[in-house]
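Just below is one structure, and these are the notes that go with it.
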Amino acid sequence: MKKALSIILLFFLFLISYFIQSNLFSWFTIAGIKPNVFIILVLYIGLYAGRRVGSALGIVFGLLLDIFMGRQIGISGILLGTVGFAGGYLDKNFSKDSKITIILMCIATTFFYEIINYIFLVLMYKMEFEILAIAKIAIIEGLYNSMIIIIIYPFTRWVGYKIEDIFKRSNILTRYF
Amino acid sequence: MLIILVTVSNLNMENISGVENAFSMLVMPIQNGLTYLKNRMAGNDSFFTNINNLQAENKELKEKNKQLEESLRELEVIKAENSSLKEYMKMTEKYTEFSTIPANVINRDISNLSRMLVINIGSKDGITENMTVISQEGLVGHTISVTEHTAKVQTIVDSASTVSGAISTSRDGILLKGTLEDKKNLKATFIPAEATLVQGDSVETSGMGGLYEKGIHIGTITEIVNTKNITNRYAIIKAAVNFDKIETVLVIKKGE
């Protein structure tokens, strides 16, 4: 029951993120580059709720984004699913209690997401590969995302532990002791 | 007794002003309060009728204010509608040869890798895929997917977009591609070796390929980059449309 409720809550968070991304960040940009709050959301879900929930919700959110705004259905689904999976995997090997680790994870996943997404696009639409442009986008977007993480860190930590408590109750103790 | 009375009554008032002051300081506040109460009691009826009147008046004024505010809002809506209709008029007058459907932009792209728009008309309004979308300034792009009430538009500055264009003076054909780096400019390639390009020349759609209608303004040449090999030279075309600020567009109906 609690799990279902928290999944509904996460879905609401996704909708809020969508409105923030499409309204606020369409003009609040750094050098014309927007952040990607969906990467942050799915990474956090992966970190706190585990890789199964992370990748499942990542795929669902990604497919929804593809339907809403994408050029073709699938790419964001696969990539956000991978980000969720990576979140769960990283949680096993790194501590998410440190701000720096989360920031580094966020930068790495943003790089991965944008660059693979771009390679997909280049192959699909036979576009010119603009390495400098994509590097600039990935770097600025990664930094922008980490700035957002710093701002929302206390809130996400609080919500994150609540979610972890619901999804990984049996595993928490074995992880700490 | 009489002597005392005479003496006191003949005392100069100024000599006892200190005592008076002290007394009045003690009494006056209470007196003021009492007088106020007394007056209130005396004018009791008028006080309450006044309140009733005021309340009624207040209610009436509030109602009036509300009505005025409503009509102001209505006027504002009409004003906005008027300006957008005027804009549509200007656009339709400009492109009289096409049969068009006006639309508003309701969403912009959320990703950094593509530049799409969502407009508020869809299959119910007769929109299908691959319809040309224009604005007052020039070419915007084409529809790539349609739902009942919305349509996704791939703009010409999207990095996956290619438009077949022609220089309006010399009619030389060129290929215009959107780039990831630049949101406002297009890169013109496949420029014929014999073609002469001049900065400031305007570029329009050539109609080749059948995706875009012929003769729609795209932009102006701002820079020509010559390379060692003349076939590799390219030009930068500044798009006529400002994609960050675009709000109203027209969709050209196919085959009409």
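Residue numbers (the numbering used here), protein chains in the order written: chain B, 20 to 196; chain R, 2 to 257. Ideal Cβ positions, reconstructed from N, Cα and C, are used throughout, including at glycine.
Among residues of its own chain, excluding the 5 on either side of residue i, which ones have a beta-carbon nearer than 7 angstroms to its beta-carbon?
i: Asn227(R); result: Arg234
i: Ile185(B); result: Lys21, Lys22, Ser25
i: Ala105(B); result: Gly65, Thr128
i: Phe191(R); result: Ile175, Leu176
i: Ile59(B); result: Cys125, Asn164, Ile167, Ile168
i: Phe196(B); result: Note on Phe196(B): pLDDT 48, under 50, position unreliable in the model; the coordinate value appears next. So no residue of the chain qualifies.
i: Glu214(R); result: Phe99, Thr133, Thr206, Gly208, Ile253
i: Met146(B); result: Leu140
i: Glu130(R); result: Thr144, Ile145, Ser146, Val147
i: Val72(B); result: Ile64, Phe186
i: Tyr137(B); result: Ile153
i: Ile156(B); result: Ile52, Glu133
Measuring only the C-alpha atoms, how far is residue i from residue j?
i: Gln6(B); j: Pro54(B); result: Only positions 20 to 196 of chain B appear in the structure, and residue 6(B) is not among them; the question remains open.
i: Ile135(R); j: Ser203(R); result: 16 angstroms
i: Gly161(B); j: Ile97(B); result: 19 angstroms
i: Val121(B); j: Ala75(B); result: This sequence places Ile at residue 121(B); Val is not what is there. When rounded, the distance between both Cα atoms is 21 angstroms.
i: Pro193(R); j: Ser171(R); result: 11 angstroms
i: Ile237(R); j: Leu187(R); result: 6 angstroms
i: Glu248(R); j: Phe139(B); result: 30 angstroms
i: Lys181(B); j: Ser117(B); result: 17 angstroms
i: Thr223(R); j: Gly51(B); result: 21 angstroms
i: Leu212(R); j: Gln137(R); result: 19 angstroms
i: Asn53(R); j: Glu149(R); result: 56 angstroms
i: Lys229(R); j: Leu84(B); result: 44 angstroms
i: Ile111(R); j: Ser45(B); result: 7 angstroms
i: Ala154(B); j: Ile49(B); result: 15 angstroms
i: Leu142(B); j: Ile135(B); result: 11 angstroms
i: Ile159(B); j: Leu181(R); result: 14 angstroms
i: Thr175(B); j: Lys111(B); result: 19 angstroms
i: Thr151(R); j: Leu118(R); result: 10 angstroms
i: Tyr89(R); j: Ala104(R); result: 9 angstroms
i: Asp245(R); j: Leu140(R); result: 14 angstroms
i: Ile219(R); j: Lys91(R); result: 18 angstroms
i: Thr221(R); j: Leu86(R); result: 27 angstroms
i: Ala196(R); j: Ile120(R); result: 38 angstroms
i: Phe80(B); j: Ala167(R); result: 42 angstroms
i: Met88(B); j: Phe31(B); result: 18 angstroms
i: Tyr144(B); j: Lys125(R); result: 29 angstroms
i: Gly93(B); j: Thr101(B); result: 12 angstroms
i: Ile225(R); j: Thr232(R); result: 13 angstroms
i: Gly201(R); j: Phe131(B); result: 41 angstroms
Below 8 angstroms on C-beta distance, what does residue i contact in chain B?
i: Met117(R); result: Met88, Arg90
i: Arg234(R); result: Correct list: empty, because the minimum Cβ distance to chain B is about 16 angstroms.
Excluding sequence positions up to five away, which residues of its chain have a Cβ less than 6 angstroms from the Cβ of residue i?
i: Ser115(R); result: Asp159
i: Phe38(B); result: none
i: Asn83(R); result: none
i: Gly1(R); result: Past the edges of chain R, shown from 2 to 257, lies residue 1(R), and the structure says nothing about it.
i: Asn279(R); result: The structure shown does not extend to residue 279(R), since chain R is modelled only from 2 through 257, so no value can be given for it.
i: Lys178(R); result: Thr163, Lys188
Which residues of chain R have a Cβ atom closer than 8 angstroms to the Cβ of residue i, listed in chain order?
i: Tyr132(B); result: Result: empty, since nearest Cβ-Cβ is about 10 angstroms, beyond 8 angstroms.
Can you pull the chain B residues whose beta carbon is under 9 angstroms from the beta carbon of residue i, in chain order?
i: Leu114(R); result: Glu133, Asn136, Tyr137, Leu140, Ile153, Ile156
i: Ile157(R); result: Within chain B, no residue comes near Ile157(R); the closest Cβ sits about 14 angstroms away, beyond 9 angstroms.
Going along the chain, which residues of its own chain have a beta-carbon closer than 8 angstroms to the beta-carbon of residue i, five neighbours each way excluded?
i: Lys286(R); result: The question about residue 286(R) has no answer here: the residues shown for chain R are numbered 2 through 257.
i: Gly210(R); result: Ser165
i: Gly103(B); result: Val61, Leu62, Ile64, Gly65, Arg70, Val72, Gly73, Ser74, Ala75, Leu76, Gly77, Ile78
i: Gly179(B); result: Tyr63, Leu66, Tyr67, Lys115
Chain B partners of residue i, CB-CB under 7 angstroms?
i: Ser84(R); result: Simply none; closest approach about 21 angstroms.
i: Ser124(R); result: None at all; the shortest Cβ gap to chain B is about 16 angstroms.
i: Ala81(R); result: Those within 7 angstroms of Ala81(R) in chain B number zero; the least Cβ separation is about 19 angstroms.
Under 7 angstroms (Cβ pairs) to chain R, residues found in the stretch 90 to 118 of chain B: Arg90
Residues in the stretch 39 to 55 of chain B with C-beta within 7 angstroms of chain R's C-beta atoms, listed in sequence order? In summary, the residues of the stretch 39 to 55 of chain B whose CB is separated from some CB of chain R by less than 7 angstroms are Gln40, Ser41, Ser45, Gly51, Ile52, Lys53, in the order they occur in the chain.
What residues in the stretch 139 to 170 of chain B have a beta carbon less than 7 angstroms from any beta carbon of chain R? Leu140, Tyr144, Met146, Glu149, Ala152, Ile153, Ile156, Glu160
Can you list, in chain order, the residues of the stretch 102 to 113 of chain R whose Cβ is nearer than 9 angstroms to any Cβ on chain B? Asn108, Arg109, Asp110, Ile111, Ser112, Asn113
Return the residues of the stretch 168 to 186 of chain R that lie within a Cβ-Cβ distance of less than 7 angstroms from chain B, sorted by chain order. Thr180, Leu181, Glu182, Lys184
Minimum length 3: unbroken beta strand (DSSP E) runs contained in the stretch 60 to 89 of chain R: none
Using Cβ-Cβ distances below 8 angstroms, what residues of the stretch 129 to 151 of chain R are close to chain B? Ile145
What beta strand (DSSP E) runs, 3 residues minimum, are completely inside the stretch 103 to 128 of chain R? 117 to 120
Scan the stretch 80 to 166 of chain B and note each continuous alpha helix (DSSP H) run of 4 residues or more that stays entirely inside, going in chain order. 94 to 112, 118 to 144
Where are the beta strand (DSSP E) runs, 3 residues long or more, that stay fully inside the stretch 124 to 181 of chain R, in chain order? 133 to 135, 140 to 147, 152 to 156, 163 to 168, 174 to 179
So if I threshold CB-CB distances at 9 angstroms, which residues from the stretch 219 to 253 of chain R count as touching chain B? Asp245
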